[in-house]
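Engineer: Under this note's numbering, residues 249 to 794 are what the first sequence spells out, in order.
By construction, the Cβ of each residue, glycine as well, lies at the ideal position given by its N, Cα and C atoms.
Before I ask anything, let me first share the structure, which is written out below as structure tokens.
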Amino acid sequence: MKNDIQQELIALVNASLAHSGLAADYKDDIFLELPTDKRFGDFTTNIALKLSKELKQPPRVIASQLVESIRKEIKNNADLKDLITQVKVEGAGFVNFYLQENYFYEKLRRIITQGKEALKIDLGKGKKVLIEFVSANPTGSLSVAHARQAAVGDCLANVLSFIGFKVSREYYLNDEGNQINILGKSVQLRLKELKGESIEFPQNYYQGDYIKDIAQEADNKKIKEEDLGDFAAGHILKIIKQELDDFGVKFDCWYSQKELAKSGKVEQGFEQLKQKGFLYEQDGALWFKSTAFGDDKDRVIIKSDGSQTYLAPDIAYHEDKFKRGYSWLINLWGPDHHGYINRIKASIEAFGHKKDDLSIVIVQLATIFRNGQEIQMSTRRGQYITLREVLDEVGADAARFFFLMRRTSSHLDFDLEVAKKQSSENPVYYVQYAHARICSILRSSSVTIKDDLDLSVLGEKEELSLIKKLLEFEATLNICLVTSDPYMLTVYLQELSESFHKFYDLHRVLGQDDALTGARLALIKGVKIVLASGLGLLGITQPEKM
RNA sequence: GCCCCUGUAGCGCAAUGGAUAGCGCAUUAGCCUCCGGAGCUAGUGGUACAGGUUCGACUCCUGUCAGGGGCACCA
């Protein structure tokens, strides 16, 4: 049996369309794989509905003609003849294919014999992609906004890597400039305070108590005044790295803005843009002509006082990403950056890249609740709730799942008490419980699962829908790719868990005759493999006991 | 004023333009002599409003209303 049945069916329909004189080549966009038992058929095509207007005939009439032609084609196709049990017109004019159950049994067999490898699909073909995320200034602990970015970025990277992309995770480190100067001055003031001077602490300075700790340490190490900013940034960066590490997020590259500035790449970039005619001077400042690419106004890159705006190194930075060999860039940004999208896209276009070579994913904010009450301020660490506090309270597994379980572009309400609950109200436990339950059954069984066992005894409704649910994993990963958003994976894992619990409740695995017990063990082993793979991609542990 | 996100059951949310709009909480009634009851079954309750595109709209477009976020020679 061939694996890529979908491709074969598309070819079949195309041939049938041509032979019946209905239409030429439609290739893609005609198939939806619908393996759930909620729908009709195992594969379906809506092509008759699409052709209805062009052919000026009712969809069902076209569908009937098409089905007739398809049946003829199938007779001449050795692969499909035994596989397809029925082709018929249903609903408004859908053509539905019903497959031999054996097709699903063999899919399941592949999963239990090959494990996780059977779930991989090569959609990336080795394309190099760079995901830049978090990139928080090293001026304080990571906030929940950064935490959500960390969870989404890391999971998206996992998914893309699983489906055949060559992925790098990068953190753009803003280690010089205005914010670092202010950080240095904040420490300097706290130092004075430490020595008994009375000070007035400006509001735009960094307020948290950690500044006092850093001041104390700077004093012990006798750090020079002009180095205080760098010292503090280095200190805070260590804290950030530890926080990310505890959250299970690792970066391949920490890209320093300071190093970029030293390298001369920023000025080289200006030179290139100037030659292409996208820079001009006005009012004593240097402007980038971003309106040439759809931005609503041109942008300053060198201010009239001679210093650069933030955009200047950023333009060079993005061009450098392409120069390092990445052909697809993904940036995760906070919602405060959405006005920045057009100008940075304009810059890559100015260098000759396509707009779509850079995907900007805006990660909306998360609001932290406790028992339904919004938490406005952090009590312990200053102005905002930190990743550290969330981790301390609910743990990395629950935190990651919660940050991922809504569409990334949507606001997220995160209730700390719910995340700690051990009940079906808490989706993390629901999914992990399904996994642990399967492990428990597998532990208490003495029946071995043979590779060539007969799976066709799995004829119950719940068994078949569970197998079909397993096969939806592939489609789910594809959705994650198309939407650049991994959240569908959390939805899928909850559905799969639900499907398993329903099966479990109605059908006993152990204590049946060996043939049935063996097949059901194989089935739940398949569920375990998919659950474990999915949880792994989310960066969540897969407990064998809870 | 301009831009972005959101509006689905009392609450929190799901549904790659497709067929009967799903799930959890809350609430009501049930299910453990038996593989993990952290589970399952059944009942209640429905797409903000007005147009449009489409064979077909929760989904796309226009407008209205409501909530959240953002506008810089800041980063």
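#1: Does the Cβ of Leu-265 have 16 or more other Cβ atoms within 10 Å, making it buried, or fewer, making it exposed?
#2: Out of Gly-432, Ile-550, Lys-486 and Asp-544, point me to the one whose CA is closest to Glu-515's CA.
#3: What's the call for Asn-344, buried or exposed, on a 16-neighbour Cβ count within 10 Å?
#4: Relative to the C-alpha of His-585, which residue among Ala-393, Gly-784, Gly-707 and Leu-257 is closest?
#5: Can you give the Cα-Cα distance for Gln-530 and Gly-517, rounded to whole angstroms?
#6: Of the residues Arg-417, Asp-467 and Lys-433, which one's Cα is nearest the Cα of Tyr-503?
#7: Could you name each continuous beta strand (DSSP E) segment of 3 residues or more that falls completely within the region 635-672, going from the start of the chain to the end?
#8: Rounded to whole angstroms, how far is the Cβ of Phe-850 from the Cβ of Leu-356, which I believe are closer than 8 Å?
#9: What residue range does the beta strand (DSSP E) around Thr-615 cover?
#10: Which runs of the alpha helix (DSSP H) spanning at least 4 residues fall entirely within the region 493-548, listed in chain order?
#11: Leu-577 and Asp-605 - do their beta-carbons sit closer together than 8 Å?
#12: Mapping DSSP to helix, strand and coil, what is Phe-291?
#13: Applying the 10 Å Cβ sphere with the 16-neighbour rule, what's the burial state of Asn-622?
#14: Please report the residue range of the beta strand (DSSP E) in which Arg-417 lies.
#15: With respect to the alpha helix (DSSP H) encompassing Gln-254, which residues constitute its N-terminal and C-terminal limits?
#16: Using only CA atoms, which one of Asn-468, Tyr-454 and Thr-789 lies nearest to Gly-477?
#17: Can you tell me whether Glu-743 is helix, strand or coil according to DSSP?
#18: What is the DSSP secondary structure of Tyr-678, reduced to helix, strand or coil?
#19: Apart from the five residues just before and just after Asp-546, which ones in its own chain have a Cβ nearer than 7 Å to its Cβ?
#20: State the Cα-Cα distance for the pair Leu-299 and Ala-598, rounded to the nearest angstrom.
#21: From Ser-713 to Leu-431, what distance separates their C-alpha atoms?
#22: Just confirm the distance between the C-beta atoms of Lys-773 and Ile-360, as a whole number of angstroms; I'd bet it's less than 8 Å.
#23: Considering only DSSP beta bridges, list what Phe-342 is partnered with.
#24: Output the residue ranges of the beta strand (DSSP E) runs that lie fully inside the region 308-383 and measure 3 residues or longer, sorted by chain position.
#25: Given this structure, state the Cα-to-Cα distance separating Val-695 from Ile-777, to the nearest angstrom.
#26: Any idea if Gln-397 is buried or exposed, counting beta-carbon neighbours within 10 angstroms, 16 or more meaning buried?
#27: What are the start and end residues of each continuous alpha helix (DSSP H) run of 4 or more residues lying completely inside the region 715-764, in chain order?
#28: Could you give the distance in angstroms between the alpha-carbon of Gln-348 and the alpha-carbon of Ala-770?
#29: Evaluate Thr-333 with the Cβ neighbour count: other Cβ atoms within 10 Å of its Cβ, from every protein chain shown; 16 or more gives buried, anything less gives exposed.
#30: Buried or exposed: which applies to Asn-619, given that a residue is buried once 16 or more other Cβ atoms fall within 10 Å of its Cβ?
#31: Flag this pair as yes or no: are the beta carbons of Ser-657 and Gln-612 separated by less than 8 Å?
#32: Can you grab the Cα-Cα spacing for the pair Gln-520 / Glu-567, in whole Å?
Structural biologist: According to the data block:
#1: Against the first sequence, residue 265 aligns to sequence position 17. Answer is buried; the Cβ neighbour count reaches 16.
#2: If you number the first sequence from 1, residue 515 lands on position 267. It is Ile-550 whose Cα lies nearest to the Cα of Glu-515.
#3: Position 96 of the first sequence holds residue 344. Per the 10 Å Cβ criterion, buried.
#4: To locate residue 585, count along the first sequence from 1; it is residue 337. Checking every option, the nearest Cα to that of His-585 belongs to Ala-393.
#5: Walking along the first sequence from the start, residue 530 turns up at place 282. Walking along the first sequence from the start, residue 517 turns up at place 269. Going by the C-alpha atoms only, they are around 19 Å apart.
#6: Along the first sequence, read from residue 1 onward, the residue named residue 503 stands at position 255. For Tyr-503, the nearest C-alpha among the options comes from Arg-417.
#7: 660-663
#8: With the chain represented from 249 up to 794, any question about residue 850 goes unanswered, as that position is not in the structure.
#9: On the first sequence, position 367 is the one that residue 615 refers to. Annotation: the continuous beta strand (DSSP E) that includes Thr-615 extends over 614-618.
#10: Whole alpha helix (DSSP H) segments, 4+ residues: 505-511 and 513-523.
#11: Counting from 1 along the first sequence, the entry for residue 605 is found at position 357. Counting from 1 along the first sequence, the entry for residue 577 is found at position 329. Yes, the pair counts as a contact, with Cβ atoms nearer than the cut-off.
#12: Residue numbering aside, residue 291 sits at position 43 when the first sequence is read from its first letter. Phe-291 falls in the strand class under three-state DSSP.
#13: Translated into positions along the first sequence, residue 622 becomes position 374. Note that residue 622 corresponds to Glu in the displayed sequence, not to Asn. Answer is exposed; the Cβ neighbour count stays below 16.
#14: In the first sequence, residue 417 corresponds to position 169, counting from 1. Segment 414-421, the beta strand (DSSP E) holding Arg-417.
#15: The sequence position of residue 254 within the first sequence is 6, counting from 1. Counting along the chain, the alpha helix (DSSP H) containing Gln-254 begins and ends at 253-267.
#16: Here residue 477 is taken as the residue at index 229 of the first sequence, counted from 1. Out of Asn-468, Tyr-454 and Thr-789, Tyr-454 has the C-alpha closest to the C-alpha of Gly-477.
#17: Within the first sequence, the letter at position 495 stands for residue 743. Of the three classes helix, strand and coil, the one that applies to Glu-743 here is helix, per DSSP.
#18: For the purposes of this step, residue 678 is identified with residue 430 of the first sequence, where counting begins at 1. It is helical.
#19: Position 298 of the first sequence, counting from 1, holds the residue named residue 546. Excluding sequence neighbours, Asp-546 sits near Trp-535, Phe-536, Lys-537, Ser-538 and Thr-539.
#20: Indexing the first sequence from 1 puts residue 299 at position 51. Indexing the first sequence from 1 puts residue 598 at position 350. About 41 Å.
#21: Here the question's residue 713 lines up with position 465 in the first sequence. Here the question's residue 431 lines up with position 183 in the first sequence. Rounded to whole angstroms, Ser-713 to Leu-431 spans 58 Å at the Cα level.
#22: Position 525 of the first sequence, counted from the start, is the residue given in the question as residue 773. Position 112 of the first sequence, counted from the start, is the residue given in the question as residue 360. 5 Å between Cβ atoms; contact.
#23: Translated into positions along the first sequence, residue 342 becomes position 94. DSSP output for Phe-342 lists Glu-338 as bridge partner(s).
#24: Counting whole runs of 3 or more residues, the region 308-383 contains the beta strand (DSSP E) stretches 332-338, 342-347 and 376-380.
#25: Position 447 of the first sequence, counted from the first residue, corresponds to residue 695. Position 529 of the first sequence, counted from the first residue, corresponds to residue 777. If I take the Cα positions, the gap works out to 18 Å.
#26: For the purposes of this step, residue 397 is taken as residue 149 along the first sequence, with counting starting at 1. Looking at its Cβ environment, which holds 16 or more other Cβ atoms inside 10 Å, Gln-397 is buried.
#27: Runs found: 736-754.
#28: Your numbering for residue 348 matches position 100 in the first sequence. Your numbering for residue 770 matches position 522 in the first sequence. Taking the straight line from one Cα to the other gives about 19 Å.
#29: Taking the first sequence and counting its residues from 1, one reaches residue 333 at position 85. Answer is exposed; the Cβ neighbour count stays below 16.
#30: Here residue 619 corresponds to residue number 371 of the first sequence, with the count starting at 1. Asn-619 comes out exposed.
#31: As a first step, residue 657 is located in the first sequence; it is residue number 409 there, counting from the start. As a first step, residue 612 is located in the first sequence; it is residue number 364 there, counting from the start. The answer is yes: Cβ separation under 8 Å.
#32: On the first sequence, position 272 is the one that residue 520 refers to. On the first sequence, position 319 is the one that residue 567 refers to. Each residue's Cα considered, the two are about 11 Å apart.
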